[in-house]
Amino acid sequence: KDYLSLMTSTNIPGLEAFINAMILLAISIGLLVIFLTMYTTVIERTKDIGVLKSLGANHWFVIRALLSESAALCVLGIVAGIGLSYLVRAGFIWKFPTLTILITSGWILRAAGIALLGALFGASYPAWLASRKDAVEALSFD
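Position 49 (the sequence shown) corresponds to 841 in our numbering; numbering is contiguous.
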């Protein structure tokens, strides 16, 4: 039999568990990257947040602004990720014609939901920290 025809998840023991472990690892790393990115954004924008607070912005406004920014970046990442997934799929199918790779709308929605929830979760603590800063203290931050 042709070796490529045997390359299925049922013929390779442990492949499903390996794929699930890699997905979990990718989600964990993604959450950490989002958290660190938003935390850095808050630190870099401390003076801007101080200006907003001195102009009368309450803490909910600051939280909403930072969470909206995180969600917008996440949506751009989702669109890029979907496009990249189809490109990688085409490359695999070109290289291994017997390999079946399905990208269903259910998987896309699930991945987009996980990404969006992860982005909001990862950005919520830095947004909360930013909203609690005193305007005078934030303006004098170096």
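All C-beta atoms, glycine included, are put in the ideal place defined by N, C-alpha and C. Note that the structure is predicted; figures quoted are calculated from it, not measured.
N- and C-terminal bounds of the alpha helix (DSSP H) containing residue i
i	result
residue 912	897-923
residue 892	It is not in any alpha helix (DSSP H) - residue 892 carries neither H nor E in the DSSP assignment.
residue 812	807-836
residue 855	851-887
residue 847	Careful: residue 847 lies outside any alpha helix (DSSP H) and carries neither H nor E.
Best match in the options for proximity to residue i [C-alpha to C-alpha]
i	options	result
residue 915	844, 888 and 856	856
residue 820	917, 927, 910 and 920	910
residue 833	862, 810 and 851	862
residue 825	913, 809, 871 and 849	913
residue 931	925, 842 and 905	842
residue 926	847, 805 and 809	847
residue 891	849, 882, 877 and 860	882
residue 870	900, 860, 852 and 889	900
residue 818	903, 865 and 921	903
residue 921	851, 814, 877 and 876	851
residue 896	849, 878, 888 and 837	878
Contact belief for residue i with residue j at Cβ below 8 Å, rounded distance in angstroms
i	j	result
residue 880	residue 923	No, residue 880 and residue 923 are not in contact; Cβ-Cβ is about 39 Å, not under 8 Å.
residue 919	residue 858	4 Å
residue 874	residue 884	Actually they do not touch by this definition, with Cβ atoms about 16 Å apart.
residue 845	residue 933	The pair is not a contact, with the Cβ atoms about 12 Å apart (cut-off 8 Å).
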